[in-house]
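Residue numbers (our numbering): 1313 to 1520.
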């Protein structure tokens, strides 16, 4: 959640202790449990390099949050939790960027596979199709299908212009099973059919 939401939650938790007789023992038990959960989350979503200076090197100092008055304990613990929230937020952002790069790499290397789809790639990297779809849109501004189609058709254009390969061969090499569907997609993307593009290029004397 946001910084404000976290502060609100911790405020409520701390002031609930004041309604308990001899609250110090109960408070210590609860804070130890919360602290353990916070540490588990930080270590789960951050790598050692990001965590070292911001967390590992200061964690011993932060362990003294029980010392002092109620207000001092509250302030130290809230500071610790805010630091954890920032690290987790940063770690999740980095994790999303890594996943996006992984998907772009898969598209780059495996676009010729006609079986490639949002579902197959999401299974490959162990995330849900809905999550992957939203992630790619957020990170690139384009859908997974658009990214895959762009790679396939840009490659097809290069092959049409600079090789003597037949259109049927290019269709298969670029991950399409049906030549008519390939031609439809190509014309929709470039505004002219594969045959017309090649013909225009040949007339200009640029074909290899």
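Glycine is no exception: its CB is placed at the ideal position from the N, C-alpha and C atoms.
Give the single residue among 1479, 1399, 1430, 1427 whose Cα lies nearest to the Cα of residue 1510.
Taking only the C-alpha atoms, the option nearest residue 1510 is 1479.
Taking the alpha carbon of residue 1502 as the point to measure from, which residue in 1485, 1462, 1476 has its own alpha carbon closest?
Among 1485, 1462, 1476, the Cα nearest to that of residue 1502 is on 1462.
Quick check: the stretch 1416-1433 against the stretch 1486-1493, are at least 3 beta-carbon pairs closer than 8 Å?
In short, these stretches touch, since the Cβ pair count reaches three.
Comparing C-alpha positions only, which one of 1495, 1348, 1447 sits nearest to residue 1505?
It is 1495.
Does residue 1353 come out as helix, strand or coil in the three-state DSSP assignment?
Note: residue 1353 maps to helix in three-state DSSP.
Reducing DSSP to helix, strand and coil, say where residue 1486 ends up.
DSSP places residue 1486 in coil when its eight states are reduced to three.
Simplified DSSP state of residue 1508, which is helix, strand or coil:
Reduced to three states, the DSSP call for residue 1508 is helix.
Assigned exposure category for residue 1469 - 16 Cβ within 10 Å defines buried
The residue is buried, with at least 16 neighbouring Cβ atoms inside 10 Å.
Residue 1423 (DSSP reduced to helix, strand or coil)
If DSSP states are grouped into helix, strand and coil, residue 1423 belongs with coil.
Might you give, ordered along the chain, the residues of its own chain that have their beta carbon closer than 7 Å to the beta carbon of residue 1453, omitting 5 neighbours on each side?
No residues qualify anywhere along the chain.
Can you tell me where the alpha helix (DSSP H) holding residue 1495 begins and where it ends?
For residue 1495, the enclosing alpha helix (DSSP H) starts and ends at 1491-1502.
Who are the Cβ neighbours of residue 1382 in its own chain at under 7 Å, not counting the five residues just before and after it?
Excluding sequence neighbours, residue 1382 sits near nothing in its chain.
For the alpha helix (DSSP H) that residue 1435 lies in, which residues bound it at each end?
Counting along the chain, the alpha helix (DSSP H) containing residue 1435 begins and ends at 1430-1436.
Alpha-carbon to alpha-carbon, residue 1500 and residue 1481
Here the alpha carbons of residue 1500 and residue 1481 stand approximately 20 Å from one another.
Do residue 1397 and residue 1318 count as a contact pair if the criterion is CB distance below 7 Å?
A contact, by the Cβ cut-off of 7 Å.
Measure the beta-carbon distance from residue 1473 to residue 1513 and round it to whole angstroms, keeping in mind my assumption that it falls under 8 Å.
So it is a contact: roughly 5 Å between Cβ atoms.
Could you check whether residue 1431 and residue 1256 sit closer than 7 Å to each other, using their CB atoms as the reference points?
Residue 1256 lies beyond the range of the chain shown here (1313 to 1520); nothing can be said about it.
DSSP three-state assignment for residue 1439, whether helix, strand or coil
In the structure shown, residue 1439 falls within a coil segment according to DSSP collapsed to helix, strand and coil.
Counting only beta-carbon atoms, is residue 1498 nearer than 7 Å to chain B?
Absence of chain B from the displayed structure is noted, only one protein chain being present.
Residue 1386, buried or exposed, once every other Cβ within 10 Å from all chains shown has been counted against 16:
Per the 10 Å Cβ criterion, buried.
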